[in-house]
Each structure stands twice: as structure tokens, then as C-alpha cells.
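The next block holds one structure in the form of C-alpha cells; read it before the comments.
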Amino acid sequence: MIKKGIILAGGMGTRMSPLTKAVNKHLLPIYDKPVFFYPLSILMLSGIKDILIIVNKGEQKQFKKILPNGKNLGIKITYAEQKKPKGLPDAFIIGKKFIGKENVALILGDNFFYAQSLTKKLKQCVKLNKGATIILHPVRTPSSYGIASINKKNVIKKIIEKPKKTFSNLAVTGLYFFDNKVVNFSKKLKPSKRKELEIVDLLNKYKNEKKLSAQFLGRGAAWLDTGSINDFYDTSAFVSAIENRQGLKIACLEEISLNNKWINKKNVQSAIKFYGKCNYSQYLSTLIKNH
Numbered sequence: 526m527i528k529k530g531i532i533l534a535g536g537m538g539t540r541m542s543p544l545t546k547a548v549n550k551h552l553l554p555i556y557d558k559p560v561f562f563y564p565l566s567i568l569m570l571s572g573i574k575d576i577l578i579i580v581n582k583g584e585q586k587q588f589k590k591i592l593p594n595g596k597n598l599g600i601k602i603t604y605a606e607q608k609k610p611k612g613l614p615d616a617f618i619i620g621k622k623f624i625g626k627e628n629v630a631l632i633l634g635d636n637f638f639y640a641q642s643l644t645k646k647l648k649q650c651v652k653l654n655k656g657a658t659i660i661l662h663p664v665r666t667p668s669s670y671g672i673a674s675i676n677k678k679n680v681i682k683k684i685i686e687k688p689k690k691t692f693s694n695l696a697v698t699g700l701y702f703f704d705n706k707v708v709n710f711s712k713k714l715k716p717s718k719r720k721e722l723e724i725v726d727l728l729n730k731y732k733n734e735k736k737l738s739a740q741f742l743g744r745g746a747a748w749l750d751t752g753s754i755n756d757f758y759d760t761s762a763f764v765s766a767i768e769n770r771q772g773l774k775i776a777c778l779e780e781i782s783l784n785n786k787w788i789n790k791k792n793v794q795s796a797i798k799f800y801g802k803c804n805y806s807q808y809l810s811t812l813i814k815n816h
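When you line the sequence shown up against our numbering, it's residues 526 to 816, in that order.
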């Protein structure tokens, strides 16, 4: 069972420069919420309440202005700093003490997920006891992603970063579920030509032990990497369209906590005072009336 989660919210955000010269990209708005609210909501929907957010050196204060420690959401949030980007598996080295002897989930701070029955699938993933599980989703341009091929039992046969020749259209998304071996596996990795630890190398360690399996978001689902300007605004437009059409909010953290009974209506009222007069607060007021 996975009870701990890590959000990797560091990096230089060079694909979105000059916007990110002054502000961490994870604090920029996707429609009406900061980017990092969306991956945080995924961990919360999974039932994970103990979360480590890894940020760039000197940026903790900016994140803590919005979310100091998670008490307002009935969860526990701690922060750690990454001196410089060293690749995704570095999250498990930085988070060694946080992870302890537990299994852990990792989500990239700029990844956006939306799918029917998403919560149900996430709850299945956190039941993991041994091995690792990755989330796969079809893409039109496999050469731009880490790509995996699977057998009939959803076991990974091959996984390659940005393949030149197409052997599958299933991309490895930025959401991963690992057993406790991930810490030692990450420590043993050697930097690639990019001088970074590669997530594909880590996943291949599990694949070689035949302990790497796959889950799927399903047809009609959305997985977006908001790390580029075009994808960033496409995601914002998507969230805007869904929320305004349905009247429901994506990644409303207080709503998730309220539904999970981690907080009560008084906590939501406190959140309204904190956010002030805005559309988000109006939505929270509606929650109180209808809950």
C-alpha cells in the first residue's frame, strides 16, 4: 500500500522562459489555480495524505504562501529543496528520509490528468505492495516521449526514451508508483549523456526484475504536460471549458478533502476567508450549501 507521495516541482522551466525567469512555472495559473494544485489533487484523489513537494533552492517561501503545511486540507505537506535539476530519480534520493520504509508515488509538478473513473484507477495503483506501476497513454508523436510496449498481461516488454523508430504509441506519463526499492535503485543509477539520472533507466531496473506493470487512463482521457507554452495554454483552455460547461471544478483541493472527510465545513469557510472574494471562493461557498 502506498501512503506517501512526492511532487517534483523544481526545474528551470526553460521551455517557458521568459515567464519563468521570475516565477516558478508550478506557481503559474492553469485557469484559476496554480499548476501544482493539479498534481497535488491527483495524489489526494489517490488517498495519499503525506506529501513531499520538492522545489528549487530558495523557493519554499513562495509555495508556502499558498500552502504552508497542508493542515487546512487535513493532510501533511513538507518541502525539500533541490539545488539543481539532476533528473527525476533524484527525487527519491532527496526524499530518502521522507520515504523511510514506505512505498511511494511520484508525480511531476507540471503534469495534468483528467479521465473518467480516474479516482478508481488511482485507488487501484496505490494498493501496490511490490514492484512498480506506470500510467501509459497513447500519443501522436512517440518520438517526443518515453515510450513503452506491453504484452497481453499489461507487463512492460520494452521502454525507450524518445525512440527514433516507432514501436508503440504508448507514452509513459509523469505519474509513477514504486515499492521501497526505488531509493536504492535510484542511488545506483549513473548519469546519462545529459548528466542526469534518467527515469527510463530506473524503470528498466524494475522491468529487468519483471516487476514493472502498466495502467491506462482510457480512451477520451486527457494527459497534458504543461511545461511548454502551447501545452500550458491548451491545458488552461481545457480546464476553463470543462469547468464552465459542467459547473464543477477540477483540482479543487478543499472539495477533495471534504469528500474524503479529512476536513469539515468550518475548514472550507476558513479557506474562503483566505482566498478572498473570487470565483474559487464562490465555488467553495456552493460546496458548503450543497454538502
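Heads up, the beta-carbon is just placed ideally off N, CA and C, and yes, glycines get one too.
Distance CB(Tyr-604)-CB(Ile-578) smaller than 8 angstroms: yes
Closest by C-alpha distance to Ile-672, when choosing among Asn-679, Lys-706 and Lys-683: Lys-683
Option in Ile-632, Ile-660 and Phe-702 with minimal Cα separation from Ala-746: Ile-660
Closest Cα partner of Phe-741 within the set Lys-601, Glu-627, Lys-712 and Asn-694: Asn-694
Three-pair Cβ contact test at 8 angstroms for the segment 549-564 versus the segment 745-762: yes
Beta-bridge partners of Phe-638, as assigned by DSSP: Trp-748
Residue range of the unbroken beta strand (DSSP E) whose run includes Asn-628: 628-633
Val-680 burial status per 10 Å Cβ neighbour count (16 or more: buried): exposed
Integer-rounded CB distance, given that Gly-595 should sit under 8 angstroms from Ile-619: Not a contact, Cβ separation roughly 19 angstroms.
Identity of the residue in Lys-718, Tyr-670, Lys-690 and Val-793 nearest Ala-818 by Cα: Here the chain covers residues 526 to 816 and nothing more, so residue 818 does not appear.
Residue of Ala-640, Leu-783 and Cys-777 minimising C-alpha distance to Asn-524: The structure shown does not extend to residue 524, since the chain spans only 526 to 816, so no value can be given for it.
Other residues of its chain near Pro-663: CB distance less than 8 angstroms, five sequence neighbours each side excluded: Asn-694, Leu-695 and Ala-696
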